[in-house]
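Residue 975 in this note's numbering sits at position 245 of the sequence shown, with consecutive numbering throughout.
Glycine included, each C-beta is placed from N, C-alpha and C at the ideal position.
Here the structure is a predicted model, which means the values were calculated and not measured.
For reference, the structure discussed in these notes is given below.
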Amino acid sequence: MSSPGTAAVVGCGVIGAAWAARMALSGIDVAVFDPDPGAEGLLADVTDNAVTAWRALGLPTDERGTIDIASSTAEAVRDAEFVQESVPERPELKATVLEAIESAARPETVIASSTSGIRPTLMQATMTHPDRLVVGHPFNPVYLLPLVEVVGGEQTAPTTIETAAAIYRGLGMRPLHVRVEIDAFIADRLLEAVWREALWLITDGVATTAEIDDAITYGFGLRWAQMGLFETYRVAGGAGGFRHFIEQFGPTLEWPWSRLTDTPAFTPELIDTIVAQSDRQSGGHDARELERIRDRNLVGFLKVLEANRWGAGTTLIEQRAARRRAGSAAHDEQSH
Ligand SMILES: NC(=O)c1ccc[n+]([C@@H]2O[C@H](COP(=O)([O-])OP(=O)(O)OC[C@H]3O[C@@H](n4cnc5c(N)ncnc54)[C@H](O)[C@@H]3O)[C@@H](O)[C@H]2O)c1
């Protein structure tokens, strides 16, 4: 299955709303359930952002699927060909919700969880049909960033992984199969290391939130949008390539420059410091404004990468080609 006709999103916060928007913009009819009455407003705001972003990318937005608000998990998933669970990151809540999903969904429906780091083996331990659970870990904003980490647990069927990956490809995404199951998968393991060092820099009074963000956004953050760690370091090694890079910088790991794995405690003082510094840094913009600024910048990066046929731009090229093929197939069907 490359693209289901119907899907369900259970949990409609920041991530669930953006999944629903990406699915609907890809022509899928989506049913959404969230017990919070505020979820509908958030869904409308996120869908607006997604439509604006897709228009700016030049992707079609008029052949949209519908988004229906269901009154229960069972109602949302009953007719869905694919389910994306996106409730808060609490293992006991995920277990209850997965139970509700699988007791109402069709037996063949693949159930994906958006979890940022819980191993699927743990989540499927209490399920009746654990073979159909897979992790599909996306990145915010889900309607713009193509990466989705696909992770199977010990009981996940290989066909479940293949089906989920094909569905994500149909949504214009880049599924990355995380072959070895570990906590936090690949991307959040890397991000946690950076986050931990940033917390130490603040705790030790070395840098403020704004200074740390400048260190990222004026330098290596720009590089990382187009080449990852290894390709960047290869280039840094010049003609000598990676071997020369390791000869030059390998010893710094033994000094070492970073704080290894110990983590600063979130004391009330540290939390107050981060919140106050972040307010000074970004308080001039409200949350919606920051989202729009982020989206405009991401659209610009993606367009450049597409023009250069590089990195995440290649996903956009494939997505555009798939939409054209789908459009001409629909046109051919109408003219016969
Ligand atoms: N925020 C991120 O950047 C991010 C990125 C990738 C993955 N994730 C993962 O996505 C999942 C959702 O995260 P989020 O940031 O959207 O959280 P969130 O708190 O913004 O949204 C969660 C939503 O789930 C709803 N909910 C609570 N109980 C429910 C239930 N029983 N049934 C249905 N809905 C219920 C809440 O009302 C809320 O609207 C988590 O597993 C998280 O780890 C988050």
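In this structure, the C-beta of G883 stays at least 7 Å away from each heavy atom of ligand 1. Contact annotation, Q956 with G1041: C-beta distance approximately 5 Å; criterion of less than 8 Å satisfied. When Cβ pairs closer than 8 Å are counted between the two stretches, the segment 963-978 is seen not to touch the segment 1024-1039, the count staying below three. The closest CA to that of T736, considering only T791, E805, P790, L789, is found on E805. In this structure, I831 lies away from E811, with their beta-carbon atoms at least 8 Å apart. When the beta-carbon positions are compared, P868 and S844 come within less than 8 Å of each other. Residue pairing from DSSP leaves G970 without any beta-bridge partner. Inter-residue distance for V924 and N779 is about 28 Å (C-alpha atoms, whole angstroms).
Between the C-alpha atoms of E879 and A895 there is a straight-line separation of about 9 Å. Here I745 is buried. Its C-beta has 16 or more other C-beta atoms within 10 Å. According to the DSSP assignment, D792 belongs to no beta strand (DSSP E), since it is labelled neither H nor E. Separation of the CB atoms of T1045 and R904 is rounded to 5 Å, and the pair is thereby assigned contact status at 8 Å. With fewer than 16 other CB atoms across the displayed protein chains lying within 10 angstroms of its CB, F979 is exposed. Nearest to I1004 by C-alpha distance, out of A855, A1017, G971, T933, is T933. In the three-state scheme derived from DSSP, where H, G and I count as helix and E and B as strand, P850 is classed as helix.
Between ligand 1 and D766, a heavy atom-to-CB distance of less than 7 Å is present. Taking each of Q1049, E927, F996, A747 in turn and checking the Cα distance to R989, the smallest one comes out for E927. Burial check for W749: the Cβ neighbour count within 10 Å reaches 16 or more, so the residue is buried. Annotation for I841: the continuous beta strand (DSSP E) segment containing it runs 840-843.
Between the segment 785-796 and the segment 763-774, the count of Cβ pairs shorter than 8 Å is below three; the stretches do not touch. If you look at L877, you'll find it in the beta strand (DSSP E) that goes 877-882. Relative to G1013, the option among A1051, A940, K1033 whose CA is nearest is A940.
With respect to T777, W784 sits apart: the two C-beta atoms are not nearer than 8 Å.
Contact check between the segment 906-923 and the segment 870-886: three or more CB pairs, one atom from each, fall below 8 Å, which counts as touching.
At least one heavy atom of ligand 1 is found less than 7 Å from the C-beta of H867.
Rounded to whole angstroms, P998 and I1047 show a C-alpha spacing of 47 Å. Of the candidates D1062, R1054, R1026, the residue whose Cα lies closest to the Cα of L787 is R1026. The distance from the Cβ of R849 to that of E911 is about 6 Å, consistent with a contact at the 8 Å cut-off.
The continuous alpha helix (DSSP H) containing P998 extends over residues 998-1012. Short note on F972: C-beta not closer than 7 Å to any heavy atom of ligand 1.
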